[in-house]
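*Asks:*
In the UniProt record's numbering, the protein residues as written are 1 to 800.
Structure representation (structure tokens):
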């Protein structure tokens with residue numbers, strides 16, 4: 001009970017923290033950060049630092065989560081990378097949630113760990129199996145097949161069917177060629193496509209019934225089918241069943257496309273272990289009399305790859321599939337593995353350490369025999385329980401397909417059965433497909449240089465060719481981490497290659513000269529090709545995702561230059577801060593939806609939003625006519641020249657001619673901060689236009705200077721008199737002048753800067769400092785030099 005209380009308090013605290021984080025994130029998303037950046041540059045600097053810190057933290061978290069999952073690790077290098085890899089981020093989050101569910105079940109005791117507990121005796125180690133896996137001395141069984149795989153077949157793959165049992169459409173008429181939607185390769189239609197699309201499951205699938213108890217596992221055994229006579233006997237008995245359970249064991253390390261090594265079949269009364277490594281394995285197509293029978297329900301768990309393997313190796317097609325994995329997902333179980341279902345319904349601990357064993361071992365050890373049998377022995381009883389639960393939660397009396405969970409599982413199962421196999425084709429250009437390099441690079445976090453990228457693609461293609469010739473997996477020829485190591489280091493000598501690739505695979509030892517030649521060729525052509533890894537990956541994303549990826553990456557080879565902000569139709573008398581604020585209010589600078597929680601469409605001018613808006617205030621060219629004001633303008637020049645009319649607050653108002661022509665730019669005083677700003681509204685009359693004649697000096701009359709000095713002294717005296725009147729309380733309170741009042745934004749910072757400026761002036765009076773070039777250079781901060789990376793090779797020491 002104490003553990004339950006602690007668990008509940010922990011979950012409550014985590015939930016409260018998540019709610020607080022979500023609320024804060026929503027509040028931040030509603031803020032206009034560009035506006036705050038324009039008000040306070042220091043805020044923008046702090047915001048960029050926090051953004052980089054959060055991005056680095058997210059990269060670490062997502063990378064650690066993806067390392068132990070099947071999800072592709074996304075590359076989060078900048079803000080754009082989050083949008084480009086959003087689907088990968090979602091996959092990683094799903095894997096995290098699934099792990100959390102499993103961990104909570106193990107903590108609460110609902111599911112025990114697959115590893116043996118301390119108080120239970122450890123299972124005997126399969127020493128013979130481990131030795132076989134370690135030495136890999138098993139003779140390849142595919143060499144003795146009647147049809148030896150060559151791995152040189154080109155698409156499409158034609159079914160291995162000599163005939164088509166239970167057909168509503170003849171075999172020849174059901175096989176047509178079409179072009180693949182994603183790979184563009186020719187495919188052959190599913191031979192039972194019409195039968196599957198018209199198929200209706202038997203009525204007992206929708207009927208609730210008491211689960212039929214399985215036979216005791218300890219007191220029963222399975223029949224080994226390794227002869228043609230045993231195959232015929234099993235087939236006759238399977239024809240009498242209404243439901244059968246099927247599972248496969250697959251080996252893909254010492255074979256290029258993989259081999260179905262074992263098949264398990266169970267009915268309510270018997271179990272069979274079928275050896276599918278026999279030379280006459282093509283004769284297993286006779287099982288289509290049962291596998292394609294619409295009256296017999298086939299129960300499999302996680303049949304996504306089993307359907308493909310059955311077609312490829314044995315020529316078997318399943319009609320009437322019920323996938324318990326889909327049932328577990330529709331019912332919302334916290335786990336979807338077969339081990340989870342065995343523990344939930346049978347309380348049986350599956351020995352999953354045998355899952356990765358070498359199933360080519362013959363004769364089959366007892367440990368592997370029992371493990372293979374357990375996969376199907378209990379599966380029909382599990383199906384009974386899950387079928388009843390689906391019916392209870394479906395409300396079949398309403399005849400509503402949206403709430404029909406049985407229909408949902410059957411629909412997903414039928415889609416799984418409609419899959420077809422095709423020969424793996426190597427795409428050297430884009431690296432797509434199951435054997436391509438695109439998937440490997442999309443999971444790689446670092447960016448390869450042009451030479452490294454060129455070497456990687458050529459080594460990857462070489463590895464695929466060698467694997468096809470030897471009929472081995474590409475991982476056996478050259479492991480993935482060794483492939484990246486060779487591409488990054490690019491060794492040029494044998495000794496250097498052996499040093500960086502440890503342990504060295506046998507294929508590399510036998511073909512080391514080929515490997516070194518490929519590396520040199522890749523480095524030589526890299527400069528001519530000029531292909532950047534990031535650009536190529538974006539181009540492939542556009543090819544795969546079409547318009548969606550094209551919007552995220554509008555140009556592959558080079559991103560477009562930022563567009564100039566459009567001219568705003570703001571009033572001519574609007575001050576510069578208002579113009580800047582109006583510029584920042586453009587809708588193009590703000591995202592329509594959240595860039596993290598929702599689908600994000602990056603605006604075309606996204607690079608402009610990070611710049612200061614004052615750089616984009618529309619200013620006309622500053623010509624001489626702007627500053628020149630003639631004494632007596634004519635009627636023709638009144639419409640073109642600028643005439644400033646001062647107002648009480650010191651801001652000039654447009655004249656009638658200016659309103660008629662809104663394109664005229666007028667230079668006016670906007671405040672009283674500077675000493676001579678108030679005098680700018682007064683036109684300066686000169687005999688000649690010095691700026692128009694490109695003279696360096698503008699002559700001002702002596703009378704004008706005397707008049708300005710008198711006006712300045714008069715205004716100063718008036719201010720002192722007004723100040724004394726306010727202090728004595730005799731003067732009336734004047735109305736607050738909003739035009740000349742100082743800004744309240746950053747008042748404390750402004751006061752601090754003014755105090756600092758006064759201190760500097762005071763120190764300057766005491767001792768005048770002389771700036772020298774050497775002193776200025778001494779104040780410059782120098783960064784730490786780039787650290788040189790150690791590379792493999794020979795070293796030298798000094799000798800006497």
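Positions of the beta carbon are idealized from the N, C-alpha and C atoms, including for glycine.
The structure displayed is predicted, hence computed values, not measured ones.
Should residue 304 be labelled buried (16 or more other beta-carbon atoms within 10 Å of its own) or exposed?
*Replies:* As a first step, residue 304 is located in the chain shown; it is residue number 304 there, counting from the start. It counts as exposed.
*Asks:* Going by beta carbon distance, what residues of the same chain come within less than 6 angstroms of residue 311, once the five residues before and after it are set aside?
*Replies:* By one-based count along the chain shown, residue 311 stands at place 311. So the qualifying residues of the chain are 421.
*Asks:* Might you give, ordered along the chain, the residues of its own chain that have their beta carbon closer than 8 angstroms to the beta carbon of residue 514, omitting 5 neighbours on each side?
*Replies:* What you label residue 514 is simply residue 514 of the chain shown in a count that begins at 1. Taken in chain order, the residues that qualify are 462.
*Asks:* Quick one: grab the DSSP three-state call for residue 571.
*Replies:* Position 571 of the chain shown, counting from 1, holds the residue named residue 571. The predicted position of residue 571 is uncertain, since its pLDDT is 38 and thus under 50; a value taken from the coordinates is nonetheless stated next. Correct three-state label for residue 571: coil.
*Asks:* Could you check how far apart the C-beta atoms of residue 168 and residue 194 are, in whole angstroms? I think they sit under 8 angstroms.
*Replies:* The residue you call residue 168 lines up with position 168 of the chain shown. The residue you call residue 194 lines up with position 194 of the chain shown. At roughly 6 angstroms, the Cβ-Cβ gap stays under 8 angstroms, so residue 168 and residue 194 are in contact.
*Asks:* Under the rule that 16 or more other beta-carbon atoms within 10 Å means buried, what is residue 320, buried or exposed?
*Replies:* Counted from its first residue, the chain shown places residue 320 at position 320. It counts as buried.
*Asks:* In the DSSP assignment, find the unbroken beta strand (DSSP E) run with residue 263 in it and report its ends.
*Replies:* Translated into the one-based positions of the chain shown, residue 263 becomes position 263. Element bounds for residue 263: 259-266.
*Asks:* Given a threshold of 16 other Cβ atoms within 10 Å of its Cβ, counted over all protein chains shown, does residue 18 qualify as buried or as exposed?
*Replies:* In the chain shown, residue 18 corresponds to position 18, counting from 1. Exposed, because fewer than 16 other Cβ atoms sit within 10 Å of the Cβ of residue 18.
*Asks:* What number of angstroms, rounded off, separates the C-alpha of residue 485 from the C-alpha of residue 391?
*Replies:* Against the chain shown, residue 485 aligns to sequence position 485. Against the chain shown, residue 391 aligns to sequence position 391. One C-alpha to the other measures close to 54 angstroms.
*Asks:* Using the Cα positions of residue 165 and residue 269, report the straight-line distance between them to the nearest angstrom.
*Replies:* Along the chain shown, one-based indexing puts residue 165 at 165. Along the chain shown, one-based indexing puts residue 269 at 269. So the two alpha carbons sit approximately 25 angstroms from each other.
*Asks:* To the nearest whole angstrom, what separates the beta carbons of residue 297 and residue 243, a pair I think is in contact under 8 angstroms?
*Replies:* Translated into the one-based positions of the chain shown, residue 297 becomes position 297. Translated into the one-based positions of the chain shown, residue 243 becomes position 243. With a Cβ gap of about 4 angstroms, residue 297 and residue 243 count as contacting.
*Asks:* Using a Cβ-Cβ cut-off of 8 angstroms (strictly less than) and excluding sequence neighbours within five positions of residue 228, which residues of its own chain qualify?
*Replies:* Numbered from 1 along the chain shown, position 228 holds the residue referred to as residue 228. The answer, listed in chain order, is 280 and 283.
*Asks:* For residue 314, which residues from the same chain have a beta carbon less than 6 angstroms from its beta carbon, with the 5 sequence-adjacent residues on both sides left out?
*Replies:* Residue mapping note: residue 314 aligns to position 314 of the chain shown, counting from 1. Closer than 6 angstroms at the Cβ level, and outside the excluded window around residue 314, lie 284.
*Asks:* Do residue 208 and residue 330 come within 9 angstroms of each other at the CB atom, strictly closer than that value?
*Replies:* Position 330 of the chain shown holds residue 330. Position 208 of the chain shown holds residue 208. Taking 9 angstroms as the Cβ cut-off, residue 330 and residue 208 do not qualify as a contacting pair.
*Asks:* So what's residue 178 in DSSP terms, helix, strand or just coil?
*Replies:* Taking the first residue of the chain shown as position 1, residue 178 is located at position 178. Of the three classes helix, strand and coil, the one that applies to residue 178 here is strand, per DSSP.
*Asks:* In whole angstroms, what is the alpha-carbon distance linking residue 592 and residue 409?
*Replies:* Start at 1 with the first residue of the chain shown, and residue 592 comes out as number 592. Start at 1 with the first residue of the chain shown, and residue 409 comes out as number 409. Its pLDDT being 45, under 50, residue 592 is placed unreliably in this model, and the value from its coordinates should be taken loosely. One C-alpha to the other measures close to 37 angstroms.
*Asks:* Could you tell me whether the stretch 510-529 touches the stretch 429-448, where touching means 3 or more Cβ pairs closer than 8 angstroms?
*Replies:* Not touching, per the Cβ criterion.
*Asks:* By the DSSP assignment, the alpha helix (DSSP H) with residue 245 in it spans what residues?
*Replies:* Locating residue 245 in the chain shown gives position 245, counting from the first residue. Note, residue 245: premise wrong, no alpha helix (DSSP H); beta strand (DSSP E) at 243-251.
*Asks:* With DSSP as the reference, identify every bridge partner of residue 300, one or two as the case may be.
*Replies:* For this step, residue 300 is matched to residue 300 along the chain shown. The partner list for residue 300 (beta bridge, DSSP) reads 323.
*Asks:* Which of the three DSSP states, helix, strand or coil, is assigned to residue 500?
*Replies:* Here the question's residue 500 lines up with position 500 in the chain shown. Reduced to three states, the DSSP call for residue 500 is helix.
*Asks:* Mind checking who residue 224 pairs with in its DSSP beta bridge?
*Replies:* Translated into the one-based positions of the chain shown, residue 224 becomes position 224. Residue 224 pairs with 273.
*Asks:* Just list the alpha helix (DSSP H) runs in the stretch 327-377, keeping only unbroken ones of 4 residues or longer that don't cross its boundaries, in chain order.
*Replies:* DSSP runs (the alpha helix (DSSP H)) wholly in the stretch 327-377: 338-341 and 366-377.
*Asks:* Below 6 angstroms CB to CB, which residues in the same chain sit around residue 451 once its five sequence neighbours on both sides are set aside?
*Replies:* The residue labelled residue 451 in the question sits at position 451 within the chain shown. If we look at residue 451 and ignore the five residues flanking it on each side, its Cβ neighbours are 523 and 526.
*Asks:* Distance, Cα to Cα, residue 119 vs residue 349?
*Replies:* Indexing the chain shown from 1 puts residue 119 at position 119. Indexing the chain shown from 1 puts residue 349 at position 349. Residue placement at residue 119 cannot be trusted, given a pLDDT of 37 that sits under 50; what the coordinates show is reported in the next sentence. Taking the straight line joining both Cα atoms gives about 15 angstroms.
*Asks:* Quick check on this structure: which residue in 36, 481 and 371 has the alpha carbon closest to the alpha carbon of residue 502?
*Replies:* Residue mapping note: residue 502 aligns to position 502 of the chain shown, counting from 1. Cα-wise, what sits closest to residue 502 is 481.
*Asks:* For the stretch 256-268 against the stretch 359-374, do three or more pairs of beta-carbon atoms, one drawn from each stretch, fall closer than 8 angstroms, so that the two count as touching?
*Replies:* Touching, per the Cβ criterion.
*Asks:* If you reduce the DSSP assignment to three classes, tell me which class residue 186 lands in.
*Replies:* Along the chain shown, one-based indexing puts residue 186 at 186. In the structure shown, residue 186 sits in a strand (DSSP, three-state: E or B).
*Asks:* Closer than 6 angstroms by C-beta to residue 289: which residues in its own chain qualify, once you throw out the five before and the five after it? Chain order, please.
*Replies:* Locating residue 289 in the chain shown gives position 289, counting from the first residue. Same-chain partners within the cutoff: 165.
*Asks:* Cα-Cα, which of 529, 146, 248 and 325 is closest to residue 801?
*Replies:* Outside the shown range of the chain, which is 1 to 800, sits residue 801, and nothing can be said about it.
*Asks:* Mind checking which residues open and close the alpha helix (DSSP H) that includes residue 163?
*Replies:* The residue labelled residue 163 in the question sits at position 163 within the chain shown. Unbroken run through residue 163: none, as it is neither H nor E.
*Asks:* Taking DSSP as the reference, what is the three-state secondary structure of residue 423?
*Replies:* The residue given as residue 423 occupies position 423 in the chain shown. It is coil, neither helix nor strand.
*Asks:* Sorted by chain position, which residues of the same chain lie with C-beta nearer than 7 angstroms to residue 306's C-beta, five sequence neighbours on each side aside?
*Replies:* In the chain shown, residue 306 corresponds to position 306, counting from 1. For residue 306, where only same-chain residues beyond five positions count, the Cβ hits under 7 angstroms are 248 and 300.
*Asks:* Among 201, 10 and 26, whose alpha-carbon lies nearest the alpha-carbon of residue 293?
*Replies:* Counting from one through the chain shown, the residue named residue 293 turns up at place 293. Among 201, 10 and 26, the Cα nearest to that of residue 293 is on 201.
*Asks:* Exposed or buried, residue 510, counting other C-beta atoms within 10 Å across all chains shown (16 or more means buried)?
*Replies:* In the chain shown, the residue the question calls residue 510 occupies position 510. Burial call: exposed.
*Asks:* How big is the Cα-Cα spacing for residue 395 and residue 333?
*Replies:* Working through the chain shown from its first residue, we reach residue 395 at position 395. Working through the chain shown from its first residue, we reach residue 333 at position 333. Going by the C-alpha atoms only, they are around 19 angstroms apart.
*Asks:* When you compare each of 216, 716, 198 and 157 to residue 179 by their alpha carbons, which one comes out closest?
*Replies:* The residue labelled residue 179 in the question sits at position 179 within the chain shown. Checked all of 216, 716, 198 and 157; the closest Cα to residue 179 is 157.
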